[in-house]
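Student:
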Amino acid sequence: MVVVMDVLYQPTKPLITSSSPSPSISDRNFNYYAHVSTRYHPLPSTSSSSFGLHRITSQLAPNSSKTDAGYGCSWMQDNSTYKSIIANHERRHGPLHSMFPSSPAQVSSVEDLFEFICSGPLIEKLGFTPKTIAESIDKWLTNGFHVCELFNLNELYLTIPQKARIYHYYIPVFLWCEQQISDHRSTFKDGDDIPPLVIGFSAPQGCGKTTLVFALDYLFSKTAGRKSATISIDDFYLTYDEQAKLRENNPGNALLEFRGNAGSHDLPLSVETLMAVSNLTKEACSGMKMKLPRYDKSAYNGRGDRADPSTWPEVEGPLSVVLFEGWMLGFKPLPAQVVKAVDPQLEIVNKNLEAYYDAWDKFIKSWIIIKIKDPSCVYQWRLQAEIGMREAGNPGMTDEEVMDFVSRYLPAYNAYLPTLYTEGPKGSDSNHTLIVEIDEERNPILAG
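Structure (structure tokens):
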């Protein structure tokens, strides 16, 4: 039996079907990561003189063409499940802790781990105290075990970077999300049909949001018994033909030459998808499945196209939470003179951005914003990833291609990040917004 919805009748829209045997949580995560691991497929090369490399070379760190960190996530062990997933799909992310030592730090006792948890940079701002941590230490241990399980780590013999990433970052953020879900559900009366909470993750490319969402998705199922869906703004890029028309209509504008900036997304598709997942509630769609759109960045030699709907992953209702991530979530239009001062090419992008609140942000009720000090960090993170891939004998962007790739996002970062950090996204509530500041090695240093 098929749920009768408009989204069923066009192959480029999210699909909802009747219940069938559900994939395991590992299968679901594998499908998601198979999608997100190709997120940074190299864009086609360009000779656009208006967006030359001279604009950005001065922002790269000295000797940035070489790194000892290699590929993958160096805070994990070499045999991690995460690395296997990436290797199977020929894409790898850059190191999350490239500057940390790799010497082991054995977890000798629960007391030692308790003290380590209490020393985390997010603890105080998230409202945790040594007393509340001690009272819930079993929950921390259980969550830590499952994160180690996901990444195939030995929870009794972790390196300092592994302990920090798990107990200073992933688990505190997970517990914050759990509280957000509880707060969301408390606003409804007993017997009400409660829609899933949509949590938005806004963070620049390469800073680790994908891995964070990956871990949270697993924890929701393993320790909280919740069904979750994961979506990226990349899922809503225009088709290849539509992107070609956008390029033709904006000749000479490097910011709209390829996918990425505001204007290169299928906003009706995003609205239909977010409305559909919001309707996967207990009463409305228990046991029903919905196909989530996915984008194939490898199509047309890197120009990309919407993936065949037969390959889209399914999610089964009822859902408790939707994890929606993207590099420009929460960006708000600015006065024209402000964006023109940043880059004249940004003016049309700023105009396009006016439609994005209704398409994306209004669905998000809780926000996690990963804050960086300097957008130029994105260059180094992408260079680390691509150099690692090349050294491993896999396809990867050259240094010049990385500079060109990132340069198309930098004007938007420079224009919109300051307002995002000081004011938050439009319509956001400070009680439901978590800002996590990270350093150049992608480690949390502050929460607000």
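Position in the sequence shown (first residue = 1) + 8 = our numbering.
Ideal Cβ positions, reconstructed from N, Cα and C, are used throughout, including at glycine.
Spatial neighbours of LYS217 within its chain, please: C-beta separation below 7 Å, excluding the five flanking residues on both sides.
Tutor: Closer than 7 Å at Cβ, skipping near neighbours: PHE209, ALA211, GLU333 and ILE378.
Student: Going straight from the alpha carbon of ARG234 to that of THR430, what length do you get?
Tutor: 33 Å
Student: Buried or exposed: PRO403, going by 16 or more other Cβ atoms within 10 Å of its Cβ?
Tutor: exposed
Student: Decide if the segment 190-209 is in contact with the segment 299-311; the criterion is three or more beta carbon pairs, one per stretch, under 8 Å apart.
Tutor: Per the Cβ contact rule, the segment 190-209 is not in contact with the segment 299-311 (fewer than 3 Cβ pairs under 8 Å).
Student: Which residues in the same chain have their Cβ closer than 6 Å to the Cβ of LEU337, if we skip the five residues on either side of it in sequence?
Tutor: Hits under 6 Å: GLY208 and SER210.
Student: Could you tell me the alpha carbon to alpha carbon distance between THR319 and GLU132, rounded to whole angstroms?
Tutor: Annotation: THR319 to GLU132 spans about 43 Å, alpha carbon to alpha carbon.
Student: Among the candidates GLU119, LYS434, ASN360 and ILE446, whose CA atom is the shortest distance from the CA of ALA270?
Tutor: ASN360
Student: Mind pulling the beta strand (DSSP E) runs of 3 or more residues that sit fully within the segment 329-414?
Tutor: 329-334 and 374-379
Student: Between PRO103 and LYS253, what straight-line distance do the alpha-carbon atoms span, to the nearest angstrom?
Tutor: Here the model assigns PRO103 a pLDDT of 37, short of 50, so the residue's position is not dependable, and the following value carries that caveat. Going from the Cα of PRO103 to the Cα of LYS253 covers about 37 Å.
Student: LYS290: beta carbon under 8 Å from a heavy atom of the ligand NAD?
Tutor: Among the ligands in the structure shown, none appear at all, so the ligand NAD cannot be discussed.
Student: With contact counted as at least three CB pairs below 8 Å, one residue from each stretch, are the segment 257-265 and the segment 276-283 in contact?
Tutor: no
Student: Taking the alpha-carbon positions, what's the PRO452 to LEU183 distance?
Tutor: 16 Å
Student: Whole-angstrom Cβ separation of PRO138 and CYS126, contact assumed at under 8 Å?
Tutor: 5 Å
Student: DSSP three-state call for LEU164: helix, strand or coil?
Tutor: coil
Student: Under 7 Å Cβ to Cβ from ALA142, same chain only, skipping five residues before and after it: list those, please.
Tutor: PHE122
Student: Any idea if VAL44 is buried or exposed, counting beta-carbon neighbours within 10 angstroms, 16 or more meaning buried?
Tutor: The predicted model places VAL44 with a pLDDT of 37, which falls under 50 and marks its position as unreliable; any figure quoted below should be read in that light. The residue is buried, with at least 16 neighbouring Cβ atoms inside 10 Å.
Student: Helix or strand or just coil, what does DSSP make of ASP316?
Tutor: coil
Student: Would you mind working out which of GLY152, ILE239 and GLY135 sits nearest ASP368, comparing C-alpha positions?
Tutor: The sequence shown places Trp at residue 368, rather than the Asp named in the question. Residue ILE239 is the option with its Cα nearest to TRP368.
Student: With distances taken Cα to Cα, identify the nearest neighbour of VAL118 among ALA363, GLU322 and LYS147.
Tutor: LYS147
Student: Would you say ILE356 faces chain C, with C-beta separation under 9 Å as the test?
Tutor: Of the protein chains in this structure there is only one, and it is not chain C.
Student: What span of residues does the beta strand (DSSP E) with PHE209 cover, start to end?
Tutor: Following the DSSP letters along the chain, one finds PHE209 inside the beta strand (DSSP E) bounded by residues 205-210.
Student: Between the beta-carbon of HIS176 and the beta-carbon of TYR226, is there less than 9 Å?
Tutor: With contacts defined as CB atoms closer than 9 Å, HIS176 and TYR226 fail to qualify as a contacting pair.
Student: By Cβ distance, which residues of its chain are closer than 7 Å to ASP313, with the 5 residues on each side in sequence left out?
Tutor: THR247, TYR248, ASP304 and ALA307
Student: If we call anything under 9 Å between Cβ atoms a contact, is TYR424 one with VAL410?
Tutor: Taking 9 Å as the Cβ cut-off, TYR424 and VAL410 do not qualify as a contacting pair.
Student: Would you kindly work out how many angstroms separate the C-alpha atoms of THR167 and GLU256, rounded to a whole number?
Tutor: 51 Å
Student: What residue range is occupied by the uninterrupted alpha helix (DSSP H) comprising MET283?
Tutor: 275-286
Student: Buried or exposed, going by whether 16 or more other CB atoms sit within 10 Å of the CB of PHE196?
Tutor: PHE196 is exposed by the Cβ-count criterion.
Student: Looking at the strands, I want to know which residues DSSP matches up with SER236.
Tutor: Its beta-bridge partners are VAL329.
Student: Using CA atoms only, rank isn't needed, just tell me which of HIS273, TRP375, ILE372 and GLN213 is closest to GLU250.
Tutor: GLU250 has its Cα closest to that of HIS273, out of HIS273, TRP375, ILE372 and GLN213.
Student: In three-state DSSP terms, what is ILE443?
Tutor: In the structure shown, ILE443 sits in a strand (DSSP, three-state: E or B).
Student: How long is the line joining the alpha carbons of ALA344 and ILE356, rounded to whole angstroms?
Tutor: Taking the straight line joining both Cα atoms gives about 9 Å.
Student: Give the straight-line distance between the Cα atoms of LEU454 and GLY128, rounded to the nearest whole angstrom.
Tutor: Distance between the alpha carbons of LEU454 and GLY128 is about 9 Å.
Student: Assuming contact is defined by CB atoms lying nearer than 9 Å, are VAL206 and ILE376 in contact in what I supplied?
Tutor: Taking 9 Å as the Cβ cut-off, VAL206 and ILE376 do not qualify as a contacting pair.
Student: What residue from VAL285, LEU331 and PRO317 has the CA that sits closest to THR1's CA?
Tutor: In the structure as shown, the chain begins at 9 and stops at 456. Residue 1 is therefore absent and cannot be evaluated.
Student: Between which residues of its own chain and ILE145 is the CB-CB distance below 7 Å, once the five residues before and five after are set aside?
Tutor: VAL118 and PHE122
Student: So for PRO259, helix, strand or coil by DSSP?
Tutor: coil
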